[in-house]
Amino acid sequence: MKRILFLSLLCSPLLAADPVEADFYKITTFATPKETAMEVGSIDLMPDGKLALGTRRGEIWIVSGAGSNDAASVSYKLFASGLHEVLGIAYNPKDKNLYATTRYEITRLKDTDNDGRADVFENVNDSWGVSGDYHEYAIGSRFDKAGDLWVTLCLTGSFSSAVPFRGWALRIKPDGTMVPTCSGIRSPGGIGFDADGAAYYSDNQGPWHGACTLQHLVPGSFQGHPGGNMWYDLAPNMGPRPIDPVPEAFQGDQGRKDKREGGDPDRMVTERERIKQLLPPAVYLVHGKIGNSASAIICDLSAGKFGPFSKQLFVADQSHSNLSRVYLETVNGIKQGVVIPFRSGFASGIIGGRMDEEGRVFVGGSDRGWGARGGKPFCFEKCEWTGKTPFEVHEMHAKPDGFEVTFTQPVDAASASDLKSYSMREFTYAYREQYGGEEIAEVLPKITAATVAADGKSVRLTISPITKGHIHELHLDGVRSAEKLPLLHKVGYYTLNEMPVK
Amino acid sequence: MTRLLFAFLLAAAAARAAEPAVFTLKTMTAQMKYDTAELLAQPGQAVKITFENGDDLPHNLVFCQPGTDTAAMAMKQMEKPEEALKRNWLPDDPRVWVHSKMLNPHEKEVLSFSAPEKAGSYPYVCTFPGHALTMRGVLKVAPVGDILHDLKFALYLGSWKQLPDFSKLKPHREGKIEDNLIQVKLDDYKNEFGVVFTGTLIAPKKGSYRFFLSSDDGSRILIDGKEILAYDGIHPSGDIKEQGLMLEQGEHEFRLEYFQGGGEIELYVAWKGADTQITPLSKWLHPQWQGGTKKQKEFDPIPLAVTEEAVVYRNFIQGAGNRGIGVGYPGGVNIAWSAESMNLALIWRGAFMDAAKHWNSRGGGHEKPLGYDVLQPTGEVTPAFFVSDKPEAEWPKWDKTKRYEGFHWLGYSLDAKRSPTFRYTWQGAEVEESFAVEGDGNKPDGKAKLIRTVKVTGKLPDNAWYRIGSGLFESKDGSFLGKGPLPYRIIAEGAQFAGRNLVIPAKAGKMTITYQWAQ
Numbered sequence: 001m002k003r004i005l006f007l008s009l010l011c012s013p014l015l016a017a018d019p020v021e022a023d024f025y026k027i028t029t030f031a032t033p034k035e036t037a038m039e040v041g042s043i044d045l046m047p048d049g050k051l052a053l054g055t056r057r058g059e060i061w062i063v064s065g066a067g068s069n070d071a072a073s074v075s076y077k078l079f080a081s082g083l084h085e086v087l088g089i090a091y092n093p094k095d096k097n098l099y100a101t102t103r104y105e106i107t108r109l110k111d112t113d114n115d116g117r118a119d120v121f122e123n124v125n126d127s128w129g130v131s132g133d134y135h136e137y138a139i140g141s142r143f144d145k146a147g148d149l150w151v152t153l154c155l156t157g158s159f160s161s162a163v164p165f166r167g168w169a170l171r172i173k174p175d176g177t178m179v180p181t182c183s184g185i186r187s188p189g190g191i192g193f194d195a196d197g198a199a200y201y202s203d204n205q206g207p208w209h210g211a212c213t214l215q216h217l218v219p220g221s222f223q224g225h226p227g228g229n230m231w232y233d234l235a236p237n238m239g240p241r242p243i244d245p246v247p248e249a250f251q252g253d254q255g256r257k258d259k260r261e262g263g264d265p266d267r268m269v270t271e272r273e274r275i276k277q278l279l280p281p282a283v284y285l286v287h288g289k290i291g292n293s294a295s296a297i298i299c300d301l302s303a304g305k306f307g308p309f310s311k312q313l314f315v316a317d318q319s320h321s322n323l324s325r326v327y328l329e330t331v332n333g334i335k336q337g338v339v340i341p342f343r344s345g346f347a348s349g350i351i352g353g354r355m356d357e358e359g360r361v362f363v364g365g366s367d368r369g370w371g372a373r374g375g376k377p378f379c380f381e382k383c384e385w386t387g388k389t390p391f392e393v394h395e396m397h398a399k400p401d402g403f404e405v406t407f408t409q410p411v412d413a414a415s416a417s418d419l420k421s422y423s424m425r426e427f428t429y430a431y432r433e434q435y436g437g438e439e440i441a442e443v444l445p446k447i448t449a450a451t452v453a454a455d456g457k458s459v460r461l462t463i464s465p466i467t468k469g470h471i472h473e474l475h476l477d478g479v480r481s482a483e484k485l486p487l488l489h490k491v492g493y494y495t496l497n498e499m500p501v502k
Numbered sequence: 001m002t003r004l005l006f007a008f009l010l011a012a013a014a015a016r017a018a019e020p021a022v023f024t025l026k027t028m029t030a031q032m033k034y035d036t037a038e039l040l041a042q043p044g045q046a047v048k049i050t051f052e053n054g055d056d057l058p059h060n061l062v063f064c065q066p067g068t069d070t071a072a073m074a075m076k077q078m079e080k081p082e083e084a085l086k087r088n089w090l091p092d093d094p095r096v097w098v099h100s101k102m103l104n105p106h107e108k109e110v111l112s113f114s115a116p117e118k119a120g121s122y123p124y125v126c127t128f129p130g131h132a133l134t135m136r137g138v139l140k141v142a143p144v145g146d147i148l149h150d151l152k153f154a155l156y157l158g159s160w161k162q163l164p165d166f167s168k169l170k171p172h173r174e175g176k177i178e179d180n181l182i183q184v185k186l187d188d189y190k191n192e193f194g195v196v197f198t199g200t201l202i203a204p205k206k207g208s209y210r211f212f213l214s215s216d217d218g219s220r221i222l223i224d225g226k227e228i229l230a231y232d233g234i235h236p237s238g239d240i241k242e243q244g245l246m247l248e249q250g251e252h253e254f255r256l257e258y259f260q261g262g263g264e265i266e267l268y269v270a271w272k273g274a275d276t277q278i279t280p281l282s283k284w285l286h287p288q289w290q291g292g293t294k295k296q297k298e299f300d301p302i303p304l305a306v307t308e309e310a311v312v313y314r315n316f317i318q319g320a321g322n323r324g325i326g327v328g329y330p331g332g333v334n335i336a337w338s339a340e341s342m343n344l345a346l347i348w349r350g351a352f353m354d355a356a357k358h359w360n361s362r363g364g365g366h367e368k369p370l371g372y373d374v375l376q377p378t379g380e381v382t383p384a385f386f387v388s389d390k391p392e393a394e395w396p397k398w399d400k401t402k403r404y405e406g407f408h409w410l411g412y413s414l415d416a417k418r419s420p421t422f423r424y425t426w427q428g429a430e431v432e433e434s435f436a437v438e439g440d441g442n443k444p445d446g447k448a449k450l451i452r453t454v455k456v457t458g459k460l461p462d463n464a465w466y467r468i469g470s471g472l473f474e475s476k477d478g479s480f481l482g483k484g485p486l487p488y489r490i491i492a493e494g495a496q497f498a499g500r501n502l503v504i505p506a507k508a509g510k511m512t513i514t515y516q517w518a519q
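These protein sequence lines are chains A and B, in that order.
So that you can map any letter, position 223 of the first sequence is 223 in the working numbering, and since no number is skipped, the others follow by simple counting.
So that you can map any letter, position 150 of the second sequence is 150 in the working numbering, and since no number is skipped, the others follow by simple counting.
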């Protein structure tokens, strides 16, 4: 069927003042079939420019024409229905079938009579438990380079695991066997791969999580929430069960009102020394500032078609209806990096997302149960680069004495070498069992130098002190481009898990 | 929702002289719903309802006294279905005070009656079996017209411990509330937001009025710009605050401010005139509010319609465990299959499933079948296959923490009519099960049957049994009559009693089992 497409209104400021996000990245909102609530939970690419959308209502829709500039050419066909929440959809180019991750099963869907509707639903793997609790979502990946599917399993509620492998990441091999892969998961919102094929998932603020996080799924690792660790008994490949983290990070007032001088002795840094399998979040998606409900993870593999952020990750947020951008680096073998706001203003809470080879980001979601800034109950949208390069922080690299910040465009040397153009704040979250948490153990370092590189594309900042384990919140309010424009986003949050040697 | 707005009346006596309240109430096709969930009339007012049945099933319209549990009343008839059928499914119940006849598909009837003298909420319902859960509404009899008019909201985002000065804040979003009822599920924000409601309150006459307020978290009511009642701060909606106020007849500026910090989101507002009952102005009703009918279901129903093809619904179905697969077949017979026990869990007739519980909010909980006459032939989530040298032995019971050993779920395929064939292995043998419907389950006298075909390929262990029923049965005319509260028949070649089990010796090959309600 043909559907009218609504271009989102790109509000330009009345006065030609500072650039806005919409100047660089435009959002297109597609009309969706009236007979359903297109609560997109997952998206994958199919041949011939088609997309597969899996929804919270258990439907799978095949979308044609969503990549077209003629947005009116978008059309939808219902491929399957009646599944138990499709929060993972994966197209397998080898057997040309779709695989759906649902509440308790990965299902292979075949259309044997080629009528455009699935008629065979095969259980690929259903080896994890389901207790009937609403919280036990299963978020599935697309296929990785080895042909495996990854599934992250939400705990039963926030604290515990009633049935096997709730709170785990599993891999399903091409032959359907399951490999327990990581423990310590709380409430996953999305799963994706970086440009090298490494897997990541997003977790949500709650017990053991002061904020939402982007976490690196290193096989064998413990991701931080001990609620599901009793299932090590069923996962001999994972080695011995990790020792439990100390539930109460602070020893003072549990209400967190009193200040504890000298910081928190049991936060992530010190627990990592005790618990060898514990992997810290690659990036804290700072609560209330980056988002409140992290979801899809999208890697830019378009080689420039989505703008200057090739190979970077984009993390969606259901509550804030936005995308944030993450640049990661590996320091002492551990992933860490910076998160920077990227694009807000999506119509509903984003849950699923996928970029095609042409650099079009397709996203969709719903606000059901948790609410979203977008205001619409559900949406399916496209975000594209307009071709204009925003003046942005491009990358941020940790150094033993500070950071190197690179930019998408040359900076104005006068403003970028002025120490007053910058400010920094360091803080962390208590790693503790209690739900959520404040930004604590604040440090206000001095920025002692800002040296602009000869090509004007980077600035070397030295700061004192620099604090291992802390989130380094860098504001660049005064930095101007060579064209005297301010940064589109003037803040970045760098999670310093490891101190680089050089 | 059809709402009749009527002229404003100065005195109760004049109400009797009011124009009749005229409504058209229709049934919705294949949805088990009326198109109108609320009717309004004044005490003693003449009411004329044109009731049109556009659906393909029979429906009636039965008005009951306030407080009647209409679903229970309609369901009670199934205890003596033969007698109920003679009354054309009209309950023999003193709480019924006016009703239509049972309309066949595409019939209509005009009902004329006087609204009760006593103000209150009078539920109406379709008493055809299986319809009452979703097919219902309320006739509200109240001596006044609409209370709030032109209700608007402005939504603000922010983190507060007390109500902020909203006049200094910029709203995040504004809009109209079409049904003029205070409600905070406007945007589905969970935490840290505020809402200001504004509208016009119409006092039907000069006099003393009482306002009621409760909320989680803080709220306050302003009438004509003056705060009359406040329940500020962070708290659960524990108490209902109240405050009396003298009002002139006519329009008053109404303003309600509310904010949410975290946790529950609740807001209850009501008012009462000197000679009227407590009337809610909010959608949410405080558990301790005095008056009205029983609380409505949390969500509007989303019945899944079954027409030409079978409909599959995989979700949490009450009685089918956590890996339940619902199938609604054309012909008004439905099943829930369990991919946990690899067995038929439930059979029922009439409407299929209501998805509202799972497709609203976070979607938690198990939903029960929407239709009626639910059979659970062998208990909850227990397998059909079992090896024992004593077929009267107790069959395995569901242990929620474990999977049944020896079973492996393979999935299902759909035929041209989208009917599934379920596939699994047991002890290495391959098993296929499919189902066919005969008769019409939407009609109690429709002789509906479910025919189950089981094909086993491969070798089964010795002493393998396939259980098709549990409980007490009586062998009668070549069938087995289940003696439970809801009698039904099982017909299967080779079936035999073994204690409280009705079993078939399990071998490779085909088994055919027919289930039929015994009315």
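For glycine and all other residues, C-beta sits at the position ideal for the given N, C-alpha and C.
Answer with buried or exposed for residue i, where buried requires no fewer than 16 other C-beta atoms within 10 angstroms of its C-beta.
i	result
residue 106(B)	exposed
residue 446(A)	exposed
residue 282(B)	buried
residue 122(A)	buried
residue 22(B)	exposed
residue 79(A)	buried
Return the chain-ordered list of same chain residues with a C-beta closer than 6 Å to the C-beta of residue i, the five sequence neighbours on each side being excluded.
i	result
residue 32(B)	131, 134, 135, 303 and 351
residue 384(A)	26 and 360
residue 442(A)	427
residue 294(B)	Because residue 294(B) sits at a pLDDT of 30, beneath the cut-off of 50, its placement in the model cannot be relied upon, and the following sentence gives the value as read from the coordinates. If we look at residue 294(B) and ignore the five residues flanking it on each side, it has no Cβ neighbours.
Using a Cβ-Cβ cut-off of 7 Å (strictly less than) and excluding sequence neighbours within five positions of residue i, which residues of its own chain qualify?
i	result
residue 461(B)	387 and 427
residue 409(B)	339, 342 and 424
residue 111(A)	117, 118 and 119
residue 237(A)	179 and 180
residue 269(A)	468 and 469
residue 458(B)	428, 429, 430 and 508
residue 241(A)	229 and 232
Listing by chain order, which chain A residues have their CB less than 9 Å from the CB of residue i?
i	result
residue 410(B)	122 and 123
residue 158(B)	Result: empty, since nearest Cβ-Cβ is about 11 Å, beyond 9 Å.
residue 366(B)	132
residue 414(B)	117, 118, 119, 120 and 121
Since residue i meets chain A, which of its residues come closer than 8 Å, beta carbon to beta carbon?
i	result
residue 346(B)	Under the 8 Å cutoff, chain A gives no residues; its nearest Cβ is about 16 Å from residue 346(B).
residue 312(B)	81 and 82
residue 500(B)	By Cβ distance, chain A contributes nothing, its closest Cβ being about 28 Å from residue 500(B), past 8 Å.
Along chain A, which residues have their Cβ under 7 Å away from the Cβ of residue i?
i	result
residue 316(B)	132
Using 8 Å for Cβ pairs, my map puts residue i next to residue j. What's the rounded Cβ distance?
i	j	result
residue 355(A)	residue 302(A)	6 Å
residue 430(A)	residue 272(A)	At roughly 14 Å, the Cβ-Cβ gap does not stay under 8 Å, so residue 430(A) and residue 272(A) are not in contact.
residue 21(A)	residue 343(A)	5 Å
What in chain B is Cβ-close to residue i, meaning under 8 Å?
i	result
residue 107(A)	411
residue 163(A)	400 and 401
residue 126(A)	323, 339 and 409
Whose Cβ in chain B lies nearer than 9 Å to the Cβ of residue i?
i	result
residue 507(A)	Given that chain A is displayed from residue 1 to residue 502, the structure contains no residue 507(A) and the question cannot be resolved.
Since residue i meets chain B, which of its residues come closer than 7 Å, beta carbon to beta carbon?
i	result
residue 525(A)	The structure shown does not extend to residue 525(A), since chain A is modelled only from 1 to 502, so the question has no answer here.
Determine contact between the segment 208–228 of chain A and the segment 173–188 of chain A, defined as no fewer than three beta-carbon pairs at a distance below 8 Å. yes
contact_flag[the segment 318–332 of chain A, the segment 471–483 of chain A] where n(CB pairs < 8 Å) is 3 or more: no
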